[in-house]
Amino acid sequence: MVIEQRLEELGITLPKGPSPVANYVRYVQTGNLLYLSGTGPSRDGEYAFVGQVPTDVSIDEGYQAARIAGLNLLATAKDALGDLDRVRRVVKVLGMVNCAPGFGDQPKV
C-alpha cells in the first residue's frame, strides 16, 4: 500500500477502472507481465475532453486529459493486481496526442 499512500499524500484519488468501450479486455496477465489496453480520458463512462489540441482543446486541457488517462491506467493495474505495490517496473508506455496539423508542443501535453 506504499504506492497508494503516496498517491493519497499527493492528493490523488484513483478513479474506478474504466469499462471497455468496445469488445476487448482491459488487461491480460501472463506470467509476471501485465499488459494494459489503451485508455482515454474517460470519467464515469464519458470522455472528459474531445477534440484536437490546440484547436478544440487547450494545451492545459490536453494535459488534464493525459493525466486522467494515466490515472485510468493505474486504476486498471490496481484492478488487475489488487495492489499497486506488486508493480516492479513499467516496461513501456505509449502516449498519443490528438493534435491539429502543425502543432509541435506535444511535450507540454
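Heads up, the sequence shown is in the working numbering, so the first residue is -17 and it goes up one at a time. For glycine and all other residues, C-beta sits at the position ideal for the given N, C-alpha and C.
Give the secondary structure of residue i by DSSP, where H, G and I count as helix, E and B as strand, and everything else as coil.
i	result
T12	strand
R25	strand
A4	coil
A51	helix
V(-16)	helix
Measure from the alpha carbon of residue i to the alpha carbon of each residue in the options, then state which is nearest.
i	options	result
S40	L(-11), D61, L(-8), A82	A82
Y4	L(-11), Q11, T21	A small correction: the amino acid at residue 4 is Ala; Tyr does not occupy that position in the sequence shown. Of the candidates L(-11), Q11, T21, the one whose C-alpha sits nearest the C-alpha of A4 is T21.
D87	G(-1), N14, L66, D42	D42
Name, in chain order, the residues that DSSP records as bridge partners for residue i.
i	result
L18	Y9
V35	C81
Let me know if residue i comes out buried or exposed under the rule of 16 or more other beta-carbons within 10 Å of its beta-carbon.
i	result
R8	buried
T12	exposed
V35	buried
V91	buried
Please state if the CB of residue j and the CB of residue i are separated by a distance shorter than 9 Å.
i	j	result
L63	L16	yes
P(-3)	N54	yes
P23	A59	no
G52	F31	no
S19	Y6	yes
S1	G27	yes
R25	I(-15)	no
D65	M(-17)	yes
Is residue i near the ligand MN, with its Cβ less than 8 Å from a heavy atom?
i	result
Y45	Within the structure as shown, the ligand MN is missing, as the structure has no ligands at all.
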